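J.: Could you have a look at this structure, given as structure tokens, before my questions?
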Amino acid sequence: MSEYLLSLKALCRTYRSGEGALTVLNGAELTLSRGEIVALVAPSGSGKSTLLHLAGLLEKPDAGAVIIDGRNAGELNDAARTAMRLKYIGFVYQFHHLLAEFTALENISIPQMVAGVTQTRANQRSMELLEKFGLAARASHLPGKLSGGEKQRVAIARALANNPSLLLADEPTGNLDVTTSNIVFEELLHVVRSENTAALIATHNPDLAARMDRRIVLREGRLA
Ligand code: ADP
Ligand code: MG
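Residue numbers for the sequence shown follow the working numbering, beginning at 476 and rising by one.
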């Protein structure tokens, strides 16, 4: 086991278009320990989503390295990167992205079955997570029959389904009203702590950031 669960080394990312180039990350550095919950704070448009997509191996940096449990993802082929992502990472988006034709339970079970878990065991784990989020009675509901806060709880449960070492969450309660956002966020922190999952959670809300173990600020392409 390496010292850090996640290290970001001198990450650079520039978006190029017809009008020119926009440098969003310019030497971003971060180390995250196992079980640590860190707020990634910056105003909208600063590059939080870009950073999370790189850390989650959904995109590749122009330069620099993403190192997960001591292994440099940039040195892996696509299949090995995908395997690494499945093993280590759960991702929560601002908008839930649940599959509309599947129940809450199924939405949480599907990624487990993709990872090779039997349906029976997957459903047990899904129920355990639904219970942690107070949603056991909603297990057989389709997303369309769930409230916004409930949908986001299911999306968080889905991200945790395969016991990732690292949860990456991109403004996970950003689409909810203030009261619901506070409740869902509190539950998210509680469940992540109870599962001993590390988390990097983007937010531009200082009150939410203050509840985490540590806060890092993204400014002018760097983390401090
Ligand atoms: P945040 O999540 O903090 O709001 P983003 O990482 O989404 O920031 O975006 C940072 C900047 O990069 C923004 O100015 C955004 O418009 C720009 N950007 C993001 N993705 C792309 C892309 N695929 N192509 C071009 N520009 C992008
Ligand atoms: Mg964003």
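The C-beta atom is built at its ideal place from N, Cα and C for all residues, glycine as well.
Only a predicted model underlies this, so the values are computations on that prediction, with no experimental measurement involved.
Would you say GLU504 and ALA485 are within 8 Å of each other, going by their C-beta atoms?
T.: Contact flag set, yes.
J.: Pull the bridge partners of PHE660 from the DSSP assignment, please.
T.: According to DSSP, PHE660 bridges with nothing at all.
J.: Out of curiosity, what's the CA-to-CA distance linking PRO618 and LEU641?
T.: Using only the alpha carbons, I get a separation of about 25 Å.
J.: Going by DSSP in three states, SER482 sits in which element: helix, strand or coil?
T.: DSSP places SER482 in strand when its eight states are reduced to three.
J.: Using a threshold of 8 Å, state whether the C-beta atoms of ILE583 and LEU561 are closer than that.
T.: Contact flag unset, no.
J.: Quick one, which of ILE631, ARG690, GLY623, GLU695 has its alpha-carbon nearest VAL667's?
T.: VAL667 has its Cα closest to that of ILE631, out of ILE631, ARG690, GLY623, GLU695.
J.: Is the beta carbon of SER524 within less than 7 Å of some heavy atom of the ligand MG?
T.: Yes, since a heavy atom of the ligand MG falls inside the 7 Å radius drawn around the Cβ of SER524.
J.: Look at GLY520 and LEU635 and say whether their C-beta atoms are less than 8 Å apart.
T.: No. Outside cutoff.
J.: Helix, strand or coil for TYR490 per DSSP?
T.: Three-state result, TYR490: strand.
J.: Going by alpha carbons, who is nearest to ALA530 out of HIS572, SER508, LEU481, ARG546?
T.: It is LEU481 whose Cα lies nearest to the Cα of ALA530.
J.: Would you identify the three-state DSSP class for GLU576, choosing helix, strand or coil?
T.: Coil.
J.: Any heavy atom of the ligand MG inside 7 Å of the beta-carbon of GLU646?
T.: Flag set: Cβ of GLU646 near the ligand MG.
J.: Would the beta-carbon of PRO647 fall within 8 Å of that of ILE691?
T.: Their beta carbons are not under 8 Å apart, which means PRO647 does not touch ILE691 by this criterion.
J.: Can you give the beta carbon distance from GLY702 to ASN501, rounded, assuming they're within the 8 Å contact cut?
T.: Residue coverage of the chain in this structure runs from 476 to 699, which leaves residue 702 outside it and unanswerable.
J.: Got a sec? Which residues, its chain only, sit under 6 Å from GLY623 by beta carbon, not counting five neighbours each side?
T.: Contacts found: LEU651.
J.: What does DSSP give as the partner residues of VAL692 in its beta bridges?
T.: DSSP lists VAL516 as partners of VAL692.
J.: Ignore the nearest five residues each way along the sequence and tell me which others in ALA644's own chain have a CB closer than 6 Å to its CB.
T.: Excluding positions up to five away in sequence, the list reads VAL567, ILE676.
J.: Can you tell me which of the three DSSP states GLU504 falls into?
T.: Strand.
J.: What would DSSP say about THR593, mapped onto helix, strand or coil?
T.: Here THR593 sits in coil by DSSP.
J.: Measure the C-alpha to C-alpha separation of GLY522 and LEU533 and round it to an integer number of angstroms.
T.: Rounded to whole angstroms, GLY522 to LEU533 spans 15 Å at the Cα level.
J.: MET602 and LEU621 - do their beta-carbons sit closer together than 8 Å?
T.: No.
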